[in-house]
Amino acid sequence: MDTKTSHSFSEFKKTKDFLLCVDSDGCVMDTMDIKHKKCFGPCFVAEWQLEKYNDEMLERWNEINLYSMDRGINRYKGLEIILNEINDKYISVEGLEDLRNWVSTTGEFSFSSLEAEIKKTDSPCLKKASNWSKMVNKSIHELDEDELLPFDGVHEILMPAKSLADIAIVSSANPDAVHKEWTKHGLLDVVDILLAQDAGTKSFCIKRLMEFGYDKKHVLMIGDAPGDMSAAEANGVFFFPVLAGREKESWAQLGDIIKKFTSTGLNEQLQKELKEKFIKHLTK
């Protein structure tokens, strides 16, 4: 692991007045589409033996996870959504109620939390969810690294931002994958703390980071999904959306936003406009 980057709250130290919380997949890294289209969806079809409905299952998986207000949802929440639909429209999903219960009650969407629930319930659905998750991670690990690149403009914005604010990765992705991708492209050097799937929800991570003494007006969450916006709103901090399909344009705008944020501050009217533009983009 990179010695300059903390990987837990206990290792982290606040060094600046401002904090940038940055999502990874689909925001900094152009990895979200490829991971869902080549890994998450196909592994889901294989684990639940839905080859008979392959095309419609993959299309629906992508609609939920990439092209709707559920974009960027945690993998297990996305799994619950599509399994509910399958249970209603296609085949009965044994043990689905156990997945529903775990998703609605767990404190963290980590593999260890899922395994603990499996030990308690011996649920066939949770076992399949575990198998699927392992298959997804293996599939992601085997992707061609040359396909997993940062969006244009990311380096040019994040590198100078390091001198203005502490930078935290706040992601719901697999921590090893996030670490590997950011390291490969020289981006981890600007990161003060890496918080991924095993650290807790994005809302929880922002809340814990604010306990280090940041004023809520000095915290900015940067993300591409409604969950990023919700995490920011839950903590009363600013949100900047990276628009799917318009990432280069978004990062160019973000450079100006960060300068304003760390100097004169952002106002509620600008925040309202950014959110409205974001929601319209995902509901068109």
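Quick note, our numbering runs 1342 ahead of the 1-based positions in the sequence shown.
Ideal Cβ positions, reconstructed from N, Cα and C, are used throughout, including at glycine.
Cβ pair residue 1624, residue 1411 closer than 7 Å | yes
C-alpha distance - residue 1478 paired with residue 1469, whole-angstrom precision | 14 Å
Residue interval of the alpha helix (DSSP H) (run including residue 1408) = 1396-1408
Is the beta carbon of residue 1386 less than 7 Å from the beta carbon of residue 1418?
-> no
Could you pull the start and end residues of the alpha helix (DSSP H) that residue 1596 belongs to?
-> 1589-1603
Considering only C-alpha positions, which residue in the set 1498, 1380, 1611, 1533 is nearest to residue 1485?
-> 1380
Please say whether residue 1389 and residue 1516 have beta carbons closer to each other than 7 Å?
-> no
Near residue 1466, which residues of its chain fall below 8 Å by C-beta distance, leaving aside the five closest residues on each side in sequence?
-> 1436, 1437
Kindly list the residues whose CB is nearer than 6 Å to the CB of residue 1564, restricted to its own chain and excluding five residues on each side of it in sequence; keep chain order.
-> 1364, 1582
Following the continuous alpha helix (DSSP H) through residue 1503, name the residue where it begins and the one where it ends.
-> 1496-1503
State whether the stretch 1344-1353 contacts the stretch 1485-1503, with contact taken as three or more CB pairs (one from each stretch) at a distance under 8 Å.
-> no
Own chain partners of residue 1600 with C-beta closer than 8 Å, once the 5 adjacent residues on each side are dropped = 1362, 1499, 1503, 1506, 1507, 1562
Looking at the unbroken alpha helix (DSSP H) that takes in residue 1506, where does it start and where does it end?
-> Here residue 1506 belongs to no alpha helix (DSSP H), and DSSP marks it neither H nor E.
To the nearest angstrom, how far is it from the Cα of residue 1543 to the Cα of residue 1482?
-> 21 Å
What is the DSSP secondary structure of residue 1415, counted as helix, strand or coil?
-> coil
Simplified DSSP state of residue 1433, which is helix, strand or coil = coil
Per DSSP, residue 1563 is paired with what?
-> 1363, 1581
Three-way DSSP call (helix, strand, coil) for residue 1452 in this model | coil
If you run the structure through DSSP and keep just helix, strand and coil, what is residue 1536?
-> strand
Report yes if the C-beta distance between residue 1590 and residue 1495 is below 7 Å; otherwise report no.
-> yes
Considering residue 1471, what are the terminal residues of the alpha helix (DSSP H) in which it resides?
-> 1466-1483
Let me know the secondary structure DSSP gives residue 1348 once reduced to three states.
-> strand
For the candidate residues 1560, 1433, 1456, 1554, whose alpha-carbon lies nearest to that of residue 1443?
-> 1456
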